[in-house]
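The listed protein sequences derive, respectively, from chains A, B, C and D. Here the first sequence is numbered in this note's numbering, starting from 19 and rising by one per residue. Here the second sequence is numbered in this note's numbering, starting from 19 and rising by one per residue. Here the third sequence is numbered in this note's numbering, starting from 19 and rising by one per residue. Here the fourth sequence is numbered in this note's numbering, starting from 19 and rising by one per residue. Notes for the one structure printed next.
There are 4 protein chains.
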Amino acid sequence: MKNTIGNQLTLTLFGESHGEAVGCVLDGIPAGTEIDEALIRSFLERRKGAAQISTARREPDLFRLVSGVRNNRAEGTPVTVLIENKEARRSDYDKLWNVPRPSHADYPARLRYEGFEDLSGGGHFSGRLTAPLCAAGAICMSMLEKKGIRIASHILSLHGILDEAFDPLDPAEQIDVLKGKSFPVLRAAAEERMIEAVKAAREQKDSLGGILETAVTGMPGGIGEPFFDSVESMLSHAMFSIPAVKGIAFGAGFDFAAMRGSEANDPYVIRNGKIVTETNHNGGISGGITNGMPLIFTLAVRPASSIGLPQKSVDLETMQETELIIEGRHDPCILHRAVPCAEAMTALVLADLLIQRYGPAWFREG
Amino acid sequence: MKNTIGNQLTLTLFGESHGEAVGCVLDGIPAGTEIDEALIRSFLERRKGAAQISTARREPDLFRLVSGVRNNRAEGTPVTVLIENKEARRSDYDKLWNVPRPSHADYPARLRYEGFEDLSGGGHFSGRLTAPLCAAGAICMSMLEKKGIRIASHILSLHGILDEAFDPLDPAEQIDVLKGKSFPVLRAAAEERMIEAVKAAREQKDSLGGILETAVTGMPGGIGEPFFDSVESMLSHAMFSIPAVKGIAFGAGFDFAAMRGSEANDPYVIRNGKIVTETNHNGGISGGITNGMPLIFTLAVRPASSIGLPQKSVDLETMQETELIIEGRHDPCILHRAVPCAEAMTALVLADLLIQRYGPAWFREG
Amino acid sequence: MKNTIGNQLTLTLFGESHGEAVGCVLDGIPAGTEIDEALIRSFLERRKGAAQISTARREPDLFRLVSGVRNNRAEGTPVTVLIENKEARRSDYDKLWNVPRPSHADYPARLRYEGFEDLSGGGHFSGRLTAPLCAAGAICMSMLEKKGIRIASHILSLHGILDEAFDPLDPAEQIDVLKGKSFPVLRAAAEERMIEAVKAAREQKDSLGGILETAVTGMPGGIGEPFFDSVESMLSHAMFSIPAVKGIAFGAGFDFAAMRGSEANDPYVIRNGKIVTETNHNGGISGGITNGMPLIFTLAVRPASSIGLPQKSVDLETMQETELIIEGRHDPCILHRAVPCAEAMTALVLADLLIQRYGPAWFREG
Amino acid sequence: MKNTIGNQLTLTLFGESHGEAVGCVLDGIPAGTEIDEALIRSFLERRKGAAQISTARREPDLFRLVSGVRNNRAEGTPVTVLIENKEARRSDYDKLWNVPRPSHADYPARLRYEGFEDLSGGGHFSGRLTAPLCAAGAICMSMLEKKGIRIASHILSLHGILDEAFDPLDPAEQIDVLKGKSFPVLRAAAEERMIEAVKAAREQKDSLGGILETAVTGMPGGIGEPFFDSVESMLSHAMFSIPAVKGIAFGAGFDFAAMRGSEANDPYVIRNGKIVTETNHNGGISGGITNGMPLIFTLAVRPASSIGLPQKSVDLETMQETELIIEGRHDPCILHRAVPCAEAMTALVLADLLIQRYGPAWFREG
């Protein structure tokens with residue numbers, strides 16, 4: 019399905035970085051759903067990143083809901099988000115066309131689109147396409163919040179600097195702390211050190227990688243499907259659509275490799291009359307299906323591939339090796355900008371799974 | 019789509035561990051594709067695991083191709099693999115029904131299917147369902163091999179014991195070494211230590227986790243789609259359908275977190291007149307699309323949740339905490355059994371992407 | 019998706035006429051749904067046709083539910099129906115391979131599958147594949163009946179002999195009359211004349227076409243989607259999968275061509291406190307969505323293409339024109355056998371649309 | 019999938035009649051495909067209808083290709099067509115909201131969207147949504163034309179006035195005649211009488227139904243899939259998304275009902291060294307798959323439901339019967355406007371099927 023994702027709630031993404039517009043069509047939002055434009059704006063704002071450490075391109079990101087919404091309510095028909103590109107500057111990028119930027123989409127895109135692709139600013143591969151993803155996710159997020167489901171992501175590590183991890187049994191208070199933060203880190207000391215590292219990387223014309231962690235509270239148990247539509251399958255499919263994500267792990271993730279079954283299993287116990295697990299190594303999912311505990315997963319985010327340092331590459335026309343210096347705007351760190359994307363895609367996937375399980379009307383009930 | 023995966027090449031999975039049969043329908047295999055029954059058998063054999071360290075259940079796993087194949091050639095219509103359950107023993111498991119096994123699907127499945135699920139031996143959630151996955155994957159594997167594409171997985175680590183990693187630039191010889199191994203490890207010393215660890219775990223009625231690594235050579239560049247059908251999205255979606263997989267990482271994966279862009283980027287160079295990358299930290303994928311380098315990814319596999327040790331759980335009827343001892347067969351290690359599954363799902367995903375890119379006839383060309 | 023149809027309730031079809039088996043996988047049946055094996059048997063029985071006028075092949079059509087059902091209840095996992103071919107006789111058909119039967123799938127299938135297709139008895143194109151369709155439809159039918167939704171089809175015309183049409187405002191009593199009939203015609207006199215015409219056609223080694231009419235009562239209004247998933251789109255998509263169906267029309271259908279808007283519109287009125295339409299020219303659907311009135315549609319069914327008379331054809335090997343006499347079994351009339359197929363596919367489509375609208379739990383509510 | 023159709027070539031439709039815009043996202047157009055804006059304009063022009071007999075609303079229908087196109091070539095990424103609504107006049111329609119127009123979507127949409135729908139001018143159900151369908155179809159049409167595949171529709175009958183039918187064996191010259199006609203009828207005398215009938219209907223504040231016929235030449239044989247993705251299934255699914263279409267029939271269609279097999283079958287013969295059929299009663303499709311002969315099908319189009327005459331309806335608030343007079347713009351005939359829609363949807367479906375069969379590169383070959 020290429021640029022469409024989802025089953026009962028589908029998202030179709032379109033646009034190029036320096037074309038006329040980027041946007042998306044979100045189909046399957048139950049009629050009557052409240053559309054919170056302020057929440058959309060706040061997602062877009064966070065995606066742009068804190069000014070002092072992010073890209074120089076300052077698109078206003080004014081979104082228009084060109085269909086599917088009337089009087090701040092979803093009509094039940096496709097909701098289209100359109101974000102015009104005000105500051106498109108194709109010329110900046112033209113010289114790159116024959117010298118692909120290392121670890122960018124340039125060269126694979128050339129093989130895929132055979133020279134017809136628009137690579138200005140990454141074209142359709144640009145991080146700019148995450149703006150409509152965030153807008154769509156914000157709409158799903160308000161649906162979930164009405165049902166008591168909360169989602170938050172933070173920077174768990176940045177170039178080795180560690181934040182505190184989510185409490186896998188009860189991350190509710192941590193989620194509170196993160197609300198609305200443009201550089202979402204739980205411990206102030208870690209945040210400070212991370213920002214310093216980012217600034218240093220900018221000085222060095224380099225970029226830094228890290229790990230994001232996402233927590234979801236309030237998810238009912240019994241959501242997801244065995245095998246191909248497991249919650250893990252659906253979430254991972256969606257997460258790898260966020261540029262620079264190169265890994266995902268649920269619960270203990272790669273730490274399971276050194277564990278025994280007796281350590282990795284989460285025993286069932288009764289707390290306050292409800293069945294819960296005593297630990298939550300499995301990140302709220304067993305057999306691909308939610309068990310009612312918080313969902314916890316991490317994403318490996320590679321350093322942004324656009325850096326100002328000179329790099330080796332190849333001229334595709336002359337087939338000669340050459341040195342490349344990428345002019346223009348670079349983000350020394352994209353982790354904080356990926357945070358609203360991770361939250362948005364999580365919201366989209368969970369809303370879709372919940373519609374499939376309970377029907378669209380469930381979101382309108384008390 | 020629940021139990022169906024794929025776009026032009028689709029796999030629909032069915033069956034329960036102790037029902038009449040497990041099987042799958044593989045639709046979209048190009049007419050004329052040679053069906054190599056010996057390769058299917060070898061996948062099923064490897065999935066059953068080496069006798070001395072795996073489960074006592076010894077199903078013959080005799081598969082029947084009940085549709086879509088004539089004279090060892092795909093007819094172009096759906097290929098159905100049926101594997102009857104000869105040794106189904108529902109009674110062994112009935113007592114578990116009200117005391118869910120920790121970190122098994124039992125409790126989530128109860129919430130999902132509301133008491134109508136068949137949990138004998140895991141029912142539809144059983145690892146037994148991976149037998150038809152392996153059969154389907156074997157069919158795709160022979161298609162790919164004819165086009166010079168090779169896939170192999172091995173146990174990169176088992177409870178901390180490390181095998182040698184794939185050479186990300188050229189794993190071809192390592193793939194040769196692994197061919198047909200029932201306990202696929204590259205270094206003999208590591209293999210020996212791993213097997214000892216597994217035997218010890220069996221003594222202790224416990225189980226061990228680990229990491230699998232997969233390499234693919236010969237993949238053309240330009241395969242995959244930006245965003246939702248990226249190679250990473252498609253592979254991860256498929257991999258999380260393998261029971262016990264809790265994480266996936268491409269190339270450097272979670273190690274990217276401590277890298278700089280200047281370290282993480284793979285510079286383009288010319289070697290033997292062809293464009294390649296000098297390093298392959300990105301596992302052969304940039305922007306979600308193959309770049310012509312080997313695909314490399316790892317899977318975190320949690321220790322099998324079925325263990326013989328007593329565990330805490332809850333009686334769902336009385337809502338009392340209780341102790342559970344799981345009788346019956348347990349695998350102290352499922353990593354080697356997950357290897358053909360990982361290879362199979364990789365083959366399925368790549369064959370589907372290649373059909374979409376080049377059309378079904380491509381697989382029949384020289 | 020080739021051999022898979024449906025969104026939340028999907029059907030995957032497999033098998034060949036003279037292969038090992040035909041069958042299907044029905045995925046998405048809500049857990050706990052009662053599986054009425056007697057109803058499945060009755061659908062299969064009706065599909066085989068009344069003995070005196072149908073094909074000589076007398077397959078017992080013993081179906082096995084090899085997955086997804088336990089104690090006559092759906093488990094919620096894929097339900098697989100397997101029907102082994104007991105009387106497969108490949109040899110009867112081999113000589114046809116190079117001389118395609120006019121208006122059969124033989125020649126198009128040769129172009130599609132390039133010589134690898136199995137054409138014995140029509141292979142995957144055989145009417146025999148409708149047996150699993152009927153079994154799947156029977157399962158959906160019992161779901162619908164529990165919710166007060168009833169479906170019936172009858173032979174509206176056979177080679178010009180007309181039955182009485184359904185009362186578009188209230189066909190309930192007519193549906194009663196048809197229940198379980200193996201040659202479903204409303205008026206006894208028409209039935210008699212039709213059967214005579216069929217017998218005469220058999221004498222003449224020829225076959226006859228006709229029209230089926232289907233009525234559905236009890237459908238709630240508001241089901242379906244504008245544009246691509248309109249009830250008309252979904253039903254027609256499904257109906258054309260029944261071999262020999264060459265046309266579909268909703269309500270007044272092709273008679274609309276001679277009507278004025280003032281005649282064709284169905285005015286809203288109040289009857290017994292409920293909004294209904296005074297006429298039902300539109301067959302219960304406006305804007306692609308049900309309006310609460312009975313669904314009414316007709317299917318044009320071409321005469322079976324297998325006839326005993328000599329026909330002109332071409333030898334594909336020698337590229338010479340030749341005369342073809344098709345040996346073996348021929349149905350002079352397939353209309354009555356298409357009736358349970360039409361009912362089955364209608365049930366499948368409506369159950370899928372209802373699950374999407376109300377969620378799977380709706381089918382379990384009082 | 020609600021507002022998305024297609025497999026490898028997908029179309030997602032959005033917008034409301036009196037909202038900000040209507041549009042669509044067309045995904046899967048092979049990179050490098052020439053985008054012929056003049057052809058798009060001509061489709062939109064024809065869809066608006068000949069001025070003297072069509073609706074008073076004169077939208078300029080200026081389309082923008084806001085993504086996926088650069089230098090008149092498809093980039094290979096999603097092509098988005100945006101048509102802003104310049105003449106949106108919500109107020110005209112507000113009074114209708116509680117008195118549904120007979121045989122319009124109003125009442126079913128109320129049941130479906132529970133009061134949140136936008137019904138101004140039909141909202142998402144409006145015929146205006148066919149503008150982006152036509153634009154998308156025009157893009158597919160130029161792809162097909164480059165491969166020698168031609169599509170044309172005409173008004174076969176209008177309120178009983180008959181045009182000449184397509185020659186099912188060779189409609190090429192008739193297709194030439196129709197090219198670019200805004201009121202596409204083959205025989206001038208029929209055209210004249212039809213236009214008079216339309217004018218009379220307008221006088222009478224009424225509307226007229228009719229039948230469209232579509233022909234396709236140059237389609238290779240072997241396209242389509244048995245059962246659910248038959249050419250008939252795919253085309254019918256698409257055609258019923260055109261508002262007012264209530265029936266579809268392939269080849270002889272409902273006339274098959276009075277035919278014998280010996281009359282209905284199309285014998286194979288050799289002409290100019292090629293295998294063709296001597297007749298073409300089956301409209302170029304057997305077993306759901308093209309046989310290389312022209313595709314021929316007809317659509318029943320009901321009279322437009324918007325008429326100026328007073329009609330009976332019900333006030334949904336007071337639940338009283340009432341009389342309704344629909345103010346505003348009405349089309350006495352929509353047949354000629356449906357013609358480019360039928361051509362467009364045909365082009366979309368066939369391009370999708372061809373991409374699946376031959377791969378996207380086929381469209382770029384000589």
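For each residue, glycine too, the CB sits at the ideal point set by N, CA and C.
Amino acids of chain B, ordered along the chain, whose beta-carbon sits closer than 8 Å to that of Pro244 (chain D):
Counted from its first residue, the fourth sequence places residue 244 (chain D) at position 226. What Pro244 (chain D) touches in chain B: Thr95.
Tell me which residue opens and which closes the alpha helix (DSSP H) that Ile288 (chain C) is part of.
In the third sequence, counting from the first residue as 1, residue 288 (chain C) sits at position 270. Taken as a continuous stretch (DSSP letters only), Ile288 (chain C) belongs to no alpha helix (DSSP H), being part of the beta strand (DSSP E) at Tyr286 to Arg289.
Just to check my reading of the structure: Phe85 (chain B) and Pro96 (chain B) have Cβ atoms closer than 8 Å, yes? What is that Cβ distance to the nearest angstrom?
By 1-based counting over the second sequence, the position of residue 85 (chain B) is 67. By 1-based counting over the second sequence, the position of residue 96 (chain B) is 78. Checking the sequence shown, residue 85 (chain B) turns out to be Ser, not Phe. Between Pro96 (chain B) and Ser85 (chain B) the Cβ distance is about 6 Å, and since that is below 8 Å, they are a contact.
Taking Cβ-Cβ distances shorter than 8 Å, what residues in chain D pair up with Gly37 (chain C)?
As a working note, residue 37 (chain C) is residue 19 in the third sequence. Here the premise fails: no neighbours, minimum Cβ distance about 14 Å.
Any beta carbon of chain A sitting closer than 8 Å to that of Gly326 (chain D)?
For the purposes of this step, residue 326 (chain D) is taken as the residue at position 308 of the fourth sequence. With 8 Å as the cut-off, Gly326 (chain D) does not count as an interface residue toward chain A.
Shortest alpha-carbon distance to Leu342 (chain D) belongs to which of D:Asp333, D:His348, D:Val263 and D:Asp349?
Position 324 of the fourth sequence, counted from the first residue, corresponds to residue 342 (chain D). Selected option, being the one with the closest Cα: D:Asp333.
Same chain only: Cβ atoms within 7 Å of Gly305 (chain A), ignoring 5 sequence neighbours per side:
Against the first sequence, residue 305 (chain A) aligns to sequence position 287. Cβ neighbours of Gly305 (chain A) beyond the five flanking positions: Pro244.
Could you tell me which chain D residues have their CB closer than 9 Å to the CB of Gly377 (chain B), listed as they occur along the chain?
In the second sequence, residue 377 (chain B) corresponds to position 359, counting from 1. When 9 Å is used as the limit between beta carbons, Gly377 (chain B) is near these residues of chain D: Ile373, Gln374, Arg375, Tyr376, Gly377, Pro378, Ala379 and Trp380, in chain order.
Nearest-angstrom Cα separation, counted from Gly46 (chain D) out to Ser160 (chain D)
In the fourth sequence, the residue the question calls residue 160 (chain D) occupies position 142. In the fourth sequence, the residue the question calls residue 46 (chain D) occupies position 28. Approximately 15 Å, taken between the alpha carbons.
Start and end residues, alpha helix (DSSP H) containing Gly228 (chain B)
On the second sequence, residue 228 (chain B) is found 210 positions in, with the first residue counted as 1. Per DSSP, Gly228 (chain B) belongs to no alpha helix (DSSP H); it is in the beta strand (DSSP E), Gly228 to Thr235.
Who are the neighbours of Asp45 (chain B) on chain A, taking C-beta pairs under 7 Å?
Residue numbering aside, residue 45 (chain B) sits at position 27 when the second sequence is read from its first letter. Under the 7 Å cutoff, chain A gives no residues; its nearest Cβ is about 14 Å from Asp45 (chain B).
Which chain C residues sit within Cβ distance under 8 Å of Arg82 (chain B)?
Position 64 of the second sequence, counted from the first residue, corresponds to residue 82 (chain B). What Arg82 (chain B) touches in chain C: Glu38.
Would you mind giving the Cβ-Cβ distance between Met363 (chain A) and Ser259 (chain A), rounded to the nearest angstrom? I have them listed as a contact below 8 Å.
Sequence index remark: in the first sequence, residue 363 (chain A) carries index 345 (1-based). Sequence index remark: in the first sequence, residue 259 (chain A) carries index 241 (1-based). With a Cβ gap of about 7 Å, Met363 (chain A) and Ser259 (chain A) count as contacting.
Which listed residue (B:Ala360, B:Asn300, B:Leu57 and B:Gly377) has its alpha carbon closest to that of Asp273 (chain B):
Mapped onto the second sequence, residue 273 (chain B) falls at position 255. Nearest C-alpha to Asp273 (chain B): B:Asn300.
Test item: CB-CB of Lys223 (chain A) and Gly326 (chain A) under 8 Å:
By one-based count along the first sequence, residue 223 (chain A) stands at place 205. By one-based count along the first sequence, residue 326 (chain A) stands at place 308. In this structure, Lys223 (chain A) sits near Gly326 (chain A), with a CB-CB distance shorter than 8 Å.
How would you list, in chain order, the residues of chain C whose beta-carbon sits under 7 Å from the beta-carbon of Met237 (chain B)?
Within the second sequence, residue 237 (chain B) is the residue found at index 219, counting from 1. At a C-beta separation below 7 Å, Met237 (chain B) has no neighbours in chain C, since its nearest C-beta there lies roughly 25 Å away.
Beta-carbon proximity list for Met237 (chain B), same chain, < 8 Å, skipping 5 on both sides:
For the purposes of this step, residue 237 (chain B) is taken as residue 219 along the second sequence, with counting starting at 1. Cβ neighbours of Met237 (chain B) beyond the five flanking positions: Ile167, Gly302, Thr308, Gly310, Pro312, Leu313 and Leu368.
By the 9 Å beta-carbon criterion, what residues does the stretch 285 to 299 of chain D contribute toward chain C?
Flagged, chain order: Pro285, Tyr286, Val287, Ile288, Gly291, Ile293, Thr295, Glu296 and His299.
What does Asn21 (chain C) reach in chain B if we use C-beta pairs closer than 7 Å?
Along the third sequence, read from residue 1 onward, the residue named residue 21 (chain C) stands at position 3. Under the 7 Å cutoff, chain B gives Asp45 and Pro96.
Rounded separation between Thr28 (chain B) and Gln26 (chain C) - CA only
Taking the second sequence and counting its residues from 1, one reaches residue 28 (chain B) at position 10. Taking the third sequence and counting its residues from 1, one reaches residue 26 (chain C) at position 8. Within the model, the alpha-carbon separation for Thr28 (chain B) versus Gln26 (chain C) is close to 16 Å.
Going by other Cβ atoms of all chains shown within 10 Å of its Cβ, with 16 needed for buried, is Gln374 (chain C) buried or exposed?
Position 356 of the third sequence, counting from 1, holds the residue named residue 374 (chain C). Classified as buried, Gln374 (chain C) has 16 or more neighbouring CB atoms from the shown chains inside 10 Å of its CB.
Report the CB separation of Gly41 (chain A) from Leu100 (chain A) in whole angstroms; it is logged as a contact under 8 Å.
Position 23 of the first sequence, counted from the first residue, corresponds to residue 41 (chain A). Position 82 of the first sequence, counted from the first residue, corresponds to residue 100 (chain A). Their Cβ separation, rounded to whole angstroms, is 4 Å, which keeps Gly41 (chain A) and Leu100 (chain A) in contact under 8 Å.
Amino acids of chain C, ordered along the chain, whose beta-carbon sits closer than 8 Å to that of Gln26 (chain A):
Within the first sequence, numbered from 1, the residue matching residue 26 (chain A) stands at position 8. Result: Asn25, Gln26 and Gln374.
Counting only runs that start and end within the stretch 24 to 86 of chain D, where is the beta strand (DSSP E) found for 3 or more residues in a row?
Taking only runs of at least 3 residues, the beta strand (DSSP E) segments lying wholly in the stretch 24 to 86 of chain D are 28 to 33, 39 to 45 and 81 to 85.
With 16 other CB atoms within 10 Å as the buried threshold, where does Gly24 (chain B) fall?
For the purposes of this step, residue 24 (chain B) is taken as the residue at position 6 of the second sequence. Under the 10 Å beta carbon count, Gly24 (chain B) is surrounded by 16 or more other beta carbons and is classified as buried.
Start-to-end residues for the alpha helix (DSSP H) that takes in Gly305 (chain D)
Position 287 of the fourth sequence holds residue 305 (chain D). From DSSP, Gly305 (chain D) is part of no alpha helix (DSSP H); its letter is neither H nor E.
Please check the pair Lys264 (chain B) and Ala267 (chain A), which I expect to be a contact at CB under 8 Å, by giving their CB distance rounded to whole angstroms.
Here residue 264 (chain B) is taken as the residue at index 246 of the second sequence, counted from 1. Here residue 267 (chain A) is taken as the residue at index 249 of the first sequence, counted from 1. Contact between Lys264 (chain B) and Ala267 (chain A) is confirmed by a C-beta separation of about 6 Å, below the 8 Å threshold.
Residues from the stretch 134 to 157 of chain C in contact with chain B, defined by Cβ distance under 8 Å
Within the stretch 134 to 157 of chain C, the residues whose Cβ lies closer than 8 Å to any Cβ of chain B are, in chain order, Phe134, Glu135, Asp136, Gly141 and His142.
Tell me the DSSP secondary structure of Thr297 (chain C) in three-state form.
As a working mapping, residue 297 (chain C) is identified with position 279 in the third sequence. Reduced to three states, the DSSP call for Thr297 (chain C) is coil.
Measure the C-alpha to C-alpha separation of Leu371 (chain A) and Ser331 (chain B) and round it to an integer number of angstroms.
Counting from one through the first sequence, the residue named residue 371 (chain A) turns up at place 353. Counting from one through the second sequence, the residue named residue 331 (chain B) turns up at place 313. Leu371 (chain A) and Ser331 (chain B): Cα-Cα distance of roughly 28 Å.
Shorter than 8 Å from the beta carbon of Val367 (chain D) to some beta carbon of chain C?
Taking the first residue of the fourth sequence as position 1, residue 367 (chain D) is located at position 349. By this cut-off, Val367 (chain D) is not an interface position.
Mind pulling the chain C residues with CB within less than 8 Å of Gly346 (chain D)?
Here residue 346 (chain D) refers to the residue found at position 328 when the fourth sequence is read from its first residue. Chain C residues near Gly346 (chain D): none, gap ~15 Å exceeds 8 Å.
For Asp181 (chain D) and Ala208 (chain D), the rounded distance between their alpha carbons
Along the fourth sequence, one-based indexing puts residue 208 (chain D) at 190. Along the fourth sequence, one-based indexing puts residue 181 (chain D) at 163. Going from the Cα of Ala208 (chain D) to the Cα of Asp181 (chain D) covers about 6 Å.
Which residues in the same chain have their Cβ closer than 6 Å to the Cβ of Ser144 (chain A), if we skip the five residues on either side of it in sequence?
As a position in the first sequence, residue 144 (chain A) is number 126, starting the count at 1. Non-local C-beta neighbours of Ser144 (chain A) in its own chain, meaning closer than 6 Å and more than five positions away in sequence, comprise Ser35, ordered along the chain.
Helix or strand or just coil, what does DSSP make of Gln222 (chain D)?
The sequence position of residue 222 (chain D) within the fourth sequence is 204, counting from 1. Here Gln222 (chain D) sits in coil by DSSP.
Quick one: is Glu191 (chain A) near chain D, going by C-beta distance under 8 Å?
Taking the first residue of the first sequence as position 1, residue 191 (chain A) is located at position 173. With 8 Å as the cut-off, Glu191 (chain A) does not count as an interface residue toward chain D.
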